[in-house]
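K.L.:
Under mature numbering (1 follows the signal peptide of the UniProt record, and there is no 0), the residues of the sequence shown are numbered -36 to -1, 1 to 111, in order. C-beta: ideal position from N, C-alpha, C; glycine also. A quick note: this is a predicted structure, and the numbers were derived from the prediction, not measured. To start, I am sharing the structure in question, which I have written as structure tokens.
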Amino acid sequence: MSGVIGAIPTQKGEYKMKKIAAMTAIIALVSMPVLAAGQGGFTGPSTTTTTQAGGFTGPSGAVTTVANAKSLRDDTWVTLRGKIVERISDDLYKFQDASGVINVDIDHKRWNGVTVGPQDTVEIQGEVDKDWNSVEIDVKQIRKIAP
């Protein structure tokens, strides 16, 4: 009767199914950290990670300073070089160069597998985002600069 559709499984069959389910759960739990490793992001206080492949890797536009970026019009495209020194919230970070500090908004998808800490120099490209009383950079691309 074991070949009949809808037949009641034997206790031996039930044991095999439980064993397979347990093994599947263990494999899933063990492989999760491996899959999560190497996704990139900021490694300072309150780390965030994400990964995405592709993008332009050639020379970028002229690099400007934080002080200059603060005086530019809304939606102006900028390239800044400096350090991400602190994570403020989910996607908001403090960026610093020799001329000052500005908040930068880096969506998870923009990290592109890059992992940086406060000691790393990065180049960010994005748009100036001016509100009523604040200025920040909406980052579209980030890359680590070799020391």
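Anyone know if the C-beta pair for E91 and R45 falls short of 7 angstroms?
P.N.:
Within the sequence shown, numbered from 1, the residue matching residue 91 stands at position 127. Within the sequence shown, numbered from 1, the residue matching residue 45 stands at position 81. Cβ atoms of E91 and R45: not closer than 7 angstroms.
K.L.:
How many Å lie between V27 and T43 at the Cα?
P.N.:
As a position in the sequence shown, residue 27 is number 63, starting the count at 1. As a position in the sequence shown, residue 43 is number 79, starting the count at 1. Taking the straight line from one Cα to the other gives about 5 angstroms.
K.L.:
Report the partner residues of D93 according to the DSSP bridge assignment.
P.N.:
As a position in the sequence shown, residue 93 is number 129, starting the count at 1. Per DSSP, E100.
K.L.:
Alpha carbons only, please: which of W96, S98, N76, A62 is nearest the one belonging to K108?
P.N.:
Translated into positions along the sequence shown, residue 108 becomes position 144. The residue with the shortest Cα to Cα distance from K108 is N76.
K.L.:
Using CA coordinates, which residue listed in S53, D102, K(-21) is at the minimum distance from R74?
P.N.:
On the sequence shown, position 110 is the one that residue 74 refers to. Closest by alpha carbon: D102.
K.L.:
Tell me the DSSP bridge mates of W41?
P.N.:
As a working mapping, residue 41 is identified with position 77 in the sequence shown. Per DSSP, E91.
K.L.:
Roughly how many angstroms lie between the CA atoms of V99 and I(-11), to the nearest whole one?
P.N.:
Translated into the one-based positions of the sequence shown, residue 99 becomes position 135. Translated into the one-based positions of the sequence shown, residue -11 becomes position 26. In a straight line, the C-alpha of V99 is about 48 angstroms away from that of I(-11).
K.L.:
Just to confirm the assignment, what range does the alpha helix (DSSP H) spanning V27 have?
P.N.:
Counting from 1 along the sequence shown, the entry for residue 27 is found at position 63. Taken as a continuous stretch (DSSP letters only), V27 belongs to no alpha helix (DSSP H), as it is neither H nor E.
K.L.:
Is it the case that the CB of D54 approaches a heavy atom of the ligand ZN more closely than 6 angstroms?
P.N.:
This structure lacks the ligand ZN; in fact it carries no ligand of any kind.
K.L.:
Can you tell which of W96, D39, D61 has its C-alpha closest to the C-alpha of V49?
P.N.:
Counted from its first residue, the sequence shown places residue 49 at position 85. Of W96, D39, D61, the residue nearest in Cα terms is D61.
K.L.:
How long is the line joining the alpha carbons of V78 and D39, rounded to whole angstroms?
P.N.:
Your numbering for residue 78 matches position 114 in the sequence shown. Your numbering for residue 39 matches position 75 in the sequence shown. Approximately 25 angstroms between the Cα atoms of the pair.
K.L.:
Which one or two residues does DSSP pair with L56 in a beta bridge?
P.N.:
If you number the sequence shown from 1, residue 56 lands on position 92. Answer is D69.
K.L.:
I'd like the list of long-range same chain contacts for I(-17), defined as Cβ closer than 6 angstroms, with 5 residues on each side in sequence excluded.
P.N.:
The count along the sequence shown starts at 1 and reaches residue -17 at position 20. Contacts found: none.
K.L.:
Quick one, are the C-beta atoms of I66 and D55 less than 7 angstroms apart?
P.N.:
Position 102 of the sequence shown, counting from 1, holds the residue named residue 66. Position 91 of the sequence shown, counting from 1, holds the residue named residue 55. Not in contact: I66 and D55 (Cβ atoms no closer than 7 angstroms).
K.L.:
Going by beta carbon distance, what residues of the same chain come within less than 8 angstroms of T85, once the five residues before and after it are set aside?
P.N.:
Numbered from 1 along the sequence shown, position 121 holds the residue referred to as residue 85. Here the set comprises R45, G46, K47, K108, I109, P111.
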